[in-house]
Amino acid sequence: MKNKAFIGVQALLLCAPIALFAYFYSQQELSSQTHQARVTLLIEAKSIDAKLDAAVLQMLSAQLNQYDELAQLAHAIDALNTPQRDALFAESTPDIRQQFDAYRQLLSNKVLQVESIKTAAANIKNSLLYLPELLIELEQSEPELATHANRMLASLMLGQLYEFVAEPLLTINSESSLERLIYQHFNVALANSAELKKAKQRFLSLPSDQAFSALYAAYNQHHSETIEKTKHQSELLLLLTIVLFLLLIVFANRLYVAKNKILSTSQTLSDAVARLTEGFALFSRSGNLLLCNSAWRNHFAIADSEKMPRKLEEWQQQFGEIFNSDANLHQTESGAWLQVKQTNTHNNGQVFVSVNVSLFKQAEEELRKWGHAIEQSPSSIVITDPRARIEYVNPKFEQVTGYSLEDVKGQTPKVLGSKQGFTDYKALWQTIKQGKVWRGEFYNRRKSGDYYWEYASISPIKNQQGEIINFIAIKEDITAQKSASAQLKTAAAVFNATQEGIMTTNAKLEITAVNPAFTKITGYEEHEVLGQRPNILSSGKHDKHFYEQMWSTLNSHGQWASEIWNKRKDGTLYPEWLAISVVHDDKGLVQQYVAILSDMTERKAQEEQIEYQAYYDVLTGLPNRTLLLERIEQDIKRMSRTHHQSAVLFIDLDRFKRVNDTMGHEAGDALLISVAKRLNNLLRKSDTLSRFGGDEFVLLLSQIVHPDHAAQVADKIVRALSEPFVINGFEVFTGASIGIAILPSDAKDQKELLRLADLAMYKAKEAGRNQYHFFAQEMQQQVNRRVELEQLLRAALEHQRLTVHYQPIIDTVSGKLYGVEALMRWPTDFGQYISPAEFIPVAEESGLIAPLGEWLLAKACNDIRRLNKALGMNCYLTVNVSSQQYRLGFNATTIKQIMQQSGFLPENLTLEITESILLEDDKAVTAWLQSLRATGVNLAIDDFGTGYSSLSYLKRFPINILKIDRGFIQDIDQNQDAAVLVNAILSMAESLSLKVIAEGVEQQGQLDCLKGLGCQYVQGYFYAKPMAIEGLIDWVEQFAIASERISPKLWLD
426 MKNKAFIGVQ
436 ALLLCAPIAL
446 FAYFYSQQEL
456 SSQTHQARVT
466 LLIEAKSIDA
476 KLDAAVLQML
486 SAQLNQYDEL
496 AQLAHAIDAL
506 NTPQRDALFA
516 ESTPDIRQQF
526 DAYRQLLSNK
536 VLQVESIKTA
546 AANIKNSLLY
556 LPELLIELEQ
566 SEPELATHAN
576 RMLASLMLGQ
586 LYEFVAEPLL
596 TINSESSLER
606 LIYQHFNVAL
616 ANSAELKKAK
626 QRFLSLPSDQ
636 AFSALYAAYN
646 QHHSETIEKT
656 KHQSELLLLL
666 TIVLFLLLIV
676 FANRLYVAKN
686 KILSTSQTLS
696 DAVARLTEGF
706 ALFSRSGNLL
716 LCNSAWRNHF
726 AIADSEKMPR
736 KLEEWQQQFG
746 EIFNSDANLH
756 QTESGAWLQV
766 KQTNTHNNGQ
776 VFVSVNVSLF
786 KQAEEELRKW
796 GHAIEQSPSS
806 IVITDPRARI
816 EYVNPKFEQV
826 TGYSLEDVKG
836 QTPKVLGSKQ
846 GFTDYKALWQ
856 TIKQGKVWRG
866 EFYNRRKSGD
876 YYWEYASISP
886 IKNQQGEIIN
896 FIAIKEDITA
906 QKSASAQLKT
916 AAAVFNATQE
926 GIMTTNAKLE
936 ITAVNPAFTK
946 ITGYEEHEVL
956 GQRPNILSSG
966 KHDKHFYEQM
976 WSTLNSHGQW
986 ASEIWNKRKD
996 GTLYPEWLAI
1006 SVVHDDKGLV
1016 QQYVAILSDM
1026 TERKAQEEQI
1036 EYQAYYDVLT
1046 GLPNRTLLLE
1056 RIEQDIKRMS
1066 RTHHQSAVLF
1076 IDLDRFKRVN
1086 DTMGHEAGDA
1096 LLISVAKRLN
1106 NLLRKSDTLS
1116 RFGGDEFVLL
1126 LSQIVHPDHA
1136 AQVADKIVRA
1146 LSEPFVINGF
1156 EVFTGASIGI
1166 AILPSDAKDQ
1176 KELLRLADLA
1186 MYKAKEAGRN
1196 QYHFFAQEMQ
1206 QQVNRRVELE
1216 QLLRAALEHQ
1226 RLTVHYQPII
1236 DTVSGKLYGV
1246 EALMRWPTDF
1256 GQYISPAEFI
1266 PVAEESGLIA
1276 PLGEWLLAKA
1286 CNDIRRLNKA
1296 LGMNCYLTVN
1306 VSSQQYRLGF
1316 NATTIKQIMQ
1326 QSGFLPENLT
1336 LEITESILLE
1346 DDKAVTAWLQ
1356 SLRATGVNLA
1366 IDDFGTGYSS
1376 LSYLKRFPIN
1386 ILKIDRGFIQ
1396 DIDQNQDAAV
1406 LVNAILSMAE
1416 SLSLKVIAEG
1426 VEQQGQLDCL
1436 KGLGCQYVQG
1446 YFYAKPMAIE
1456 GLIDWVEQFA
1466 IASERISPKL
1476 WLD
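Shown next as structure tokens:
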């Protein structure tokens, strides 16, 4: 029984360890499979990562022709994220799971960046693939655009190289479909270059190698700990199965097998690292080299692995710059460029990964070379923002202008002080804002102050949305071409080859070729001149010395250009611009001569026409101001020798504006031409009749004996211009106001002489027109007086020294006060007044009438409003509005503001305007008057009947009051004609429902006559002179007592 029990216990003891061993063995087998699967997964992930890096490098180096491999790698990375792969690390440590998830996420991020790189690289490669063939085709089909294409290529390089150039430099603006296609490829390459660079940086910044090294180290540590735990379990089993040696052997054997599997897995991982295209090296915490692959050795040119350093210190000593520098990009002694990244392991070991980026550096170096070429461009380049503020200039710009980028950055190109006019700049701006290219010349100023000529091509730069984001100007300094006619013509020939004659000769001066333009200019066909010498064109007008100088210049400078006379085939001589250049061979010997010739016949004629236009009036053919001033200057110089006098007659046509406005500008021009012809018939050959513009003519009478001669001529002119002119079948009457100034008694220089004659002319106009007037010193005194008055008037307005007087207007039917007229008065410090007839014209000429008129209206409205309120009356107010106020902007808005501020009712206000305003442009005046009337005020015509009174005015314009001029009233009680005219005005006004006010009533007889004719409203000294507001109040009270002996409130409306 005991044996059986022992055997049972023995069997139990044997079975228990066997069962325990079997359980341990099954768990160990499962752990080994999981480990192998994990290692395989890591190798696969690292291999995919390495292949992805290699493919990206090939793609950046333009060596990857198709992207199937990238798609496969992306699919493989996606396969790493399956639930089955997640389960492999589910039972590992949280840190390993987190690192494994992070490493997979980095690979997914790299795939995203690869898509960006692939898209940009594909677009660039596709564009650049077609450019060589397109450029060759462009040169063959449209060679004139080849130079522009080369400039665009330079712009492309600039756009790819400099990060501060925000957008591509090219814009599509050509009529050539081929050139537009080239532009499109350029712009596609440019647009994707920046994106490629950004995507590359984002790709390289993803630390997948470091993440893998950290994961690899963490997992090795975890696996080592697992092996250690397995060993303890094996020892425990050994103790439990010590009586069962065979079982322990079996267990040990199985443990040995498991260890071999682990070593095999480690070897597999080593083999995977060895196959990586990146260099890989793992150093222990103590600095011993644990593992490296052949790529690592190749990167450091180590052929014999036995001689390879084994310590990190030895690597640092031998390759110190790479291992001791923070930079991750280094160049080896062999010239290869390595990108080296270092990562610490969990046990303070170090992992180094190296990538050979020589191809990328080579490509970058090529770009840099192109960039240097752009920086050394012989053309100035300026880039501005959309508001023309400078953002970039190249060194050539600094060399040409003297301005550095710091000097001009943020400023507009106007800093160069171009002498271009506003119109030129406006046209330029309109062109480039429309997305077009502007080409032209500038006359700019360098920083030193010197001026220079440059030819510029300004193009807009647009983004993908078609918005203009920059402007680029490519400029050439053409100062030398401008200063030398030869270079100018050479340049013209370059651009207009088909219009310029071209002739080439060999070194023996035998003609070898001519173009069709040569035949057109000279008359010689090509076969007639081939083999001949250029002297067949000789005109004989140039001597031997001329040709000696020509050859001397050619031999010393290699080119010569000048104006020359040549002879055509038919024997006619013609002026020609000839530019000759010497072409040398590689040895410096003369190979041929190239002559470019331009027929200057038409240009000579144009120059003569330009010279004529510079000195003569286009319309009349008379000398203009410039020629007249020159001839006056000649007279001044001649007087010092001959002691003669000269006279200047300043002639201004009377009523010319009326002809121009009523009959049109063509009729006005015809009248000016007729006047010029009529005046010329009155003059001597030595006299100079000039037109200054408009209706002003100036006559210079040279070498007169006495001023009476000038008077005789002026009298002839007045009488001649008084005769009618026939214009378009109608008789037109004009006249002339003439001012005369004598040289040298009145003035001794040109400008002063003309100014004095102008003063005398205005004196003639003031005297009644159609007459002449000599300049007198009193005129200058009057001018001085006007200047003085203007200054005093400004001060009076500023210090409120002006005042307003009011003259009553009486209703003759009721015998009551109807209203008052406000009149401006200017008191002096001596108790006297400056006459309005003296200061009002000064105010109108100086523009002061505008503030004066507004001040008068505002003050009068305030005064009469207070008067009405105080006395409970409804007194009307009339205020004069000058024609100059209309021109200076007096309008309905002004009236509304004054009415609102003063509280005066607009229906109680009448604005008096003169008939001269009605002579202005009908539409503008009508609109102005209607806007005034729309405010509620009344409109009256002042001094009606003295000017160009017309019933049509009353029909067209919104007038509701007429004021009869005092000239009709003075003798109305004695002159029947005056009474008839006033009666006619009253009848017409009644039929048109217009009120009439008679001015200047001073006598009882005049008042009685007006009453008899039915004139209801009168104004004049008979009732009262103009008075201040205080006097007006007293007058109202006295008038009430004197008229009806009742309270003012009872008789005032």
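The opening residue of the sequence shown carries number 426 in the working numbering; numbering runs sequentially from there. The beta carbon of each residue, even a glycine, is placed where N, CA and C say it ideally should be. Treat the numbers as computed from the prediction; the structure is a model and nothing was measured.
Residue burial classification, residue i (beta-carbon count within 10 angstroms, cutoff 16)
i	result
Tyr-972	exposed
Tyr-850	exposed
Ile-1035	exposed
Arg-529	buried
Ala-911	Since pLDDT at Ala-911 reaches only 48, below the 50 mark, its modelled position is unreliable, and no value is offered.
Gln-787	exposed
Pro-416	Nothing about residue 416 can be reported from this structure: the residues present for the chain run from 426 to 1478 only.
Gly-760	exposed
His-460	buried
Ala-918	Since pLDDT at Ala-918 reaches only 47, below the 50 mark, its modelled position is unreliable, and the value read off the structure follows with that caveat. Under this definition Ala-918 is a buried residue.
Tyr-608	buried
Tyr-876	exposed
Ile-1394	buried
Lys-1188	buried
Lys-1492	Since the displayed the chain opens at 426 and closes at 1478, residue 1492 lies outside it and no answer follows.
Tyr-681	exposed
Gln-859	exposed
Pro-1233	buried
Val-1138	buried
Nearest residue (CA-CA) to residue i, options the options
i	options	result
Glu-1156	Lys-1141, Glu-1337, Leu-1096	Leu-1096
Ala-1030	Tyr-999, Glu-892, Glu-951, Asp-1060	Tyr-999
Thr-1237	Trp-1280, Gly-1437, Met-1088, Ala-1295	Gly-1437
Arg-958	Gly-1328, Asp-1174, Asn-931	Asn-931
Glu-800	Lys-821, Ala-788, Glu-790, Glu-791	Lys-821
Trp-1002	Phe-943, Ile-1466, Asp-1042	Phe-943
Gln-974	Trp-985, Gly-965, Tyr-1378	Trp-985
Lys-992	Asn-960, Gly-983, Ala-1072, Ser-981	Asn-960
Phe-777	Pro-811, Ser-1356, Glu-703	Glu-703
Glu-494	Ala-480, Leu-505, Asn-506, Thr-507	Ala-480
Ile-1320	Val-1362, Leu-754, Ser-711, Thr-1159	Val-1362
Thr-1051	His-1131, Asn-1195, Ser-1115, Glu-1415	Ser-1115
Pro-1451	Leu-1435, Gln-524, Tyr-1258	Tyr-1258
Rounded Cβ spacing between residue i and residue j (contact assumed at less than 8 angstroms)
i	j	result
Leu-1273	Leu-1218	6 angstroms
Ala-545	Leu-621	4 angstroms
Phe-1122	Leu-1104	7 angstroms
Ile-549	Ala-614	5 angstroms
Ile-899	Ile-886	Not really, about 12 angstroms apart at Cβ, beyond 8 angstroms.
Gly-1278	Ser-1307	6 angstroms
Leu-1168	Asp-1060	6 angstroms
Proximity test, residue i beta-carbon vs the ligand PLP heavy atom, cut-off 7 angstroms
i	result
Ile-1057	Summarising the ligand content, the structure contains no ligands, and the ligand PLP is consequently not present.
Practice prompt. Indicate whether the contact test is met: 3 or more Cβ pairs, each with one atom in the stretch 1011-1023 and one in the stretch 1046-1055, closer than 8 angstroms.
Written response: no
Practice prompt. Would you list, in sequence order, the uninterrupted beta strand (DSSP E) runs of no fewer than 3 residues that lie entirely inside the stretch 976-1042?
Written response: 984-992, 998-1009, 1015-1024
Discussion item. Give the list of continuous beta strand (DSSP E) stretches no shorter than 3 residues that lie fully inside the stretch 699-785.
Written reply: 704-708, 714-717, 754-756, 762-769, 775-781
Worksheet item: Per the contact definition of three or more C-beta pairs closer than 8 angstroms, is the stretch 1287-1296 in contact with the stretch 1328-1341?
Response: yes
Practice prompt. Please confirm if the stretch 859-876 is in contact with the stretch 822-830, defined as three or more CB-CB distances below 8 angstroms between the two stretches.
Written response: yes
Fill in: Three-pair Cβ contact test at 8 angstroms for the stretch 1310-1326 versus the stretch 1381-1392
no
Item to complete: Only counting runs of 3 or more residues, tell me where the beta strand (DSSP E) segments fall wholly within the stretch 1144-1207, in order along the chain.
Response: 1150-1152, 1155-1157, 1160-1168, 1197-1199
Item to complete: Taking only runs that begin and end inside the stretch 884-959, name each unbroken alpha helix (DSSP H) of 4 or more residues, in chain order.
Response: 904-908, 910-920, 941-947, 951-954
Practice prompt. Count the C-beta pairs between the stretch 802-821 and the stretch 555-564 that are closer than 8 angstroms, then say yes if the count reaches three, no if not.
Written response: no
Discussion item. I'd like to know if the stretch 1075-1094 and the stretch 1111-1129 are in contact, where contact means that at least 3 CB-CB pairs between them fall below 8 angstroms.
Written reply: yes
Discussion item. Give the list of continuous beta strand (DSSP E) stretches no shorter than 3 residues that lie fully inside the stretch 1273-1327.
Written reply: 1301-1306
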